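When the count follows our numbering, it moves up by one through the sequence shown with no breaks and lands on 249 for the last residue.
We put the beta carbon where it would ideally sit given N, CA and C, even for glycine.
All values reported here derive from a predicted model rather than from experimental measurement.
Only one structure is covered here, and it is reproduced in the block below.
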Amino acid sequence: MDRKKFWKDLKPYKLELYQGEALAKLTTVGILKLHNAEIDANFENITVLLYKLFPEKYSLVGFPEFPDTLRVNRAMTSHCITAGYIDGTLKRNSYFLTPKGRIVAEDLLDQIESGTTSQRKRSDLKQSKYIRLVKGVSDTTGFEKFSAKHLKEIKKFDVCESLHCTIDADEEHLKRNLETLTQHANNTKKISNFAVISESVLEYLQYIESNWEELMK
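Laid out in structure tokens, this is it:
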């Protein structure tokens, strides 16, 4: 996407659509939008984006024409990371969503852009996101190798891809994603037309867990 067009086209959402939402959840929306636009989710870009989308939440008290960088930093380093929504550090100046954070971000973005808080709609959206994340595992090279019984060909890169992580993600983040995806697969296997693929994904995730040390070499 054209970077200049992306920033130029950003419009603030109406306050009533996000007034009661926590800063941590709003922050995930900002990171999601940057990732979708293939723009670096660094602190500077996140700060500007959040200020443009949610000015009432991220502007300086007394100076609404400026973003509140301390509020953004607090939302990211305390609330988002503690809740398991994002991973990254200011030192590395790069942030990305965990599977849990992506679900939160996509659900809230859909809610805001549709202008609804219908509980049924939100429940349907959440189920859809679970399915999407589990199916995402089945589309990876690691899963393909596992299904073809080419177990010795599965490398760390394949595992990271399957867990929706980059190759430089730390072990804690990888294990957290493994746990989250396993929970999602256990939920989606209850859906009749998604039971078979969910079971296959679960077997693959269990294989990763059982052979963790070897696969992480």
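Judged by pairs of C-beta atoms under 8 Å, the region 207-223 touches the region 161-169, as three or more such pairs exist. For residue 144, no beta strand (DSSP E) run applies; the uninterrupted alpha helix (DSSP H) run containing it begins and ends at 131-146, by DSSP.
Taking a cut-off of 8 Å for Cβ pairs, the region 122-131 and the region 70-81 touch, as three or more such pairs fall below it.
The C-beta distance from residue 88 to residue 47 rounds to 5 Å, short enough to fall under 8 Å.
As DSSP reads the structure, residue 118 sits in a beta bridge with 129. Within the same chain, Cβ atoms closer than 7 Å to the Cβ of residue 120 are found at 126, 127, 128, the five residues on either side in sequence being excluded. Counting along the chain, the unbroken beta strand (DSSP E) around residue 95 starts and ends at 95-99.
Between the C-alpha atoms of residue 93 and residue 99 there is a straight-line separation of about 9 Å.
For residue 58, the enclosing alpha helix (DSSP H) begins and ends at 55-68.
Here the alpha carbons of residue 69 and residue 38 stand approximately 8 Å from one another. Membership of residue 189 in the alpha helix (DSSP H) is indicated by the continuous run 188-194. Under the three-state reduction of DSSP output, residue 42 falls in the coil class, being neither helix nor strand. Proximity to residue 82 across 113, 50, 110 peaks at 50, based on C-alpha coordinates. Between residue 90 and residue 169 a beta carbon distance of about 34 Å is seen, past the 8 Å cut, so the two are scored as non-contacting.
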